[in-house]
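**Q** Can you keep this structure in mind? I'll have questions shortly.
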Amino acid sequence: NLGDYLLAATTSGQVPNTTWNATASIVKSSNEVVVKMANFGEVDVPLEIAFHGFSSVKPIKTAFIVTSNHGSDKNSLDNPTYVTDSTISIDVSHLPLSFTLPAMAVVVIRADVEV
83 NLGDYLLAAT TSGQVPNTTW NATASIVKSS NEVVVKMANF GEVDVPLEIA FHGFSSVKPI
143 KTAFIVTSNH GSDKNSLDNP TYVTDSTISI DVSHLPLSFT LPAMAVVVIR ADVEV
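Residue numbering for the sequence shown follows the numbering used here, starting at 83 and increasing by one per position.
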């Protein structure tokens, strides 16, 4: 896991028939929180993400998403686009952040914070 310290990442509520997990850590040298989420299920998971214990959270610049239609998909020279990646901008002016974790995806969100 990237970061100097692992942070407590808690979840509440359940979405039936989903398999997902999340970790959060802080990079002390840059005061950056890194949230990693993985959804191994075939259903999108609606989430609310909050950042507790910081004096402020600056707007998130980007989230990096890697996704595919099936868990067994892999890229090859003949088919290089089964698994794709994209970068999106996220506005965190209103917390908690409402975010939908796509099915069969890994998402990394980076946020600058003040401790």
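Heads up, the beta-carbon is just placed ideally off N, CA and C, and yes, glycines get one too.
Keep in mind the model is a prediction, meaning the values are calculated, not measured.
Assign V127 to buried or exposed, taking buried as 16 or more other Cβ atoms, counted over all protein chains shown, within 10 Å of its Cβ.
**A** Counting Cβ neighbours within 10 Å, V127 comes out buried, since at least 16 surround it.
**Q** At which residue ranges does the stretch 98-171 contain complete beta strand (DSSP E) runs of 3 or more residues, listed in the order of the chain?
**A** For the stretch 98-171, whole beta strand (DSSP E) runs of length 3 or above, ordered along the chain, are 102-109, 114-121, 127-131, 145-149, 166-170.
**Q** Whose C-beta lies closer than 7 Å to the C-beta of A91 among residues of the same chain, with five residues either side of it excluded?
**A** Only A104, T105, A106 meet the Cβ criterion.
**Q** Could you tell me the distance, in whole angstroms, from the CA atom of Y164 to the CA atom of V125?
**A** Using only the alpha carbons, I get a separation of about 18 Å.
**Q** Residues in its own chain within less than 6 Å of I170 by CB, not counting five upstream and five downstream?
**A** The answer, listed in chain order, is A145.
**Q** Please report the distance separating the alpha-carbon of F133 from that of A187.
**A** Rounded to the nearest angstrom, the two C-alpha atoms are 22 Å apart.
**Q** May I ask you to report which of helix, strand or coil DSSP gives A185?
**A** Residue state, collapsed to three classes: coil.
**Q** Take L179 and list the residues in its own chain whose beta-carbon comes closer than 6 Å to its own, dropping the five residues that flank it on each side.
**A** These residues qualify, in order along the chain: I131.
**Q** Look up L89 in the DSSP assignment and give the residues it is bridged to.
**A** In the DSSP output, where bridge partners are listed per residue, L89 has A106.
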